[in-house]
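To keep things clear, I will list the structure first and then write my remarks on it.
Residue numbers (the working numbering): 1316 to 1398.
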């Protein structure tokens, strides 16, 4: 989990810095594995941006917090928090 809300250093004007939050999943196993997405306090919905087994994902319905996501063998999945 890469939390864009917890960047500790302010910008050059002294303002807080925030960015998008991401969840990165690595499956190094030779078979597909199920991963459970973070609970709601980390984000209600997660948009799939990249699946190295499929490539960049243009339009896919978001995944809800706490749901299972199957990740292909030897692949990486990148999700971005929507809410």
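Glycine included, each C-beta is placed from N, C-alpha and C at the ideal position.
Could you say which of the options lies nearest to residue i if we only look at CA atoms?
i	options	result
residue 1344	1397, 1388 and 1393	1388
residue 1318	1396, 1358 and 1336	1336
Determine the extent of the beta strand (DSSP E) in which residue i is found, giving its start and end residues.
i	result
residue 1342	1337–1342
residue 1366	1360–1366
Please return the same chain residues whose Cβ sits closer than 7 Å to the Cβ of residue i, not counting the five positions on each side in sequence.
i	result
residue 1354	1380 and 1381
residue 1367	1390 and 1391
residue 1346	1388
residue 1377	1360, 1361, 1362 and 1397
Would you report the Cα separation of residue i and residue j, rounded to the nearest angstrom?
i	j	result
residue 1391	residue 1360	19 Å
residue 1362	residue 1316	14 Å
residue 1371	residue 1328	35 Å
Between residue i and the rest of its own chain, which residues show a CB-CB distance below 6 Å, the 5 nearest in sequence each way excluded?
i	result
residue 1349	1383 and 1385
Report all residues from its chain with a CB closer than 8 Å to the CB of residue i; omit the five preceding and five following residues, and keep chain order.
i	result
residue 1331	1322 and 1325
Would you check if there are 3 or more beta carbon pairs closer than 8 Å linking the segment 1317–1336 to the segment 1381–1391? no
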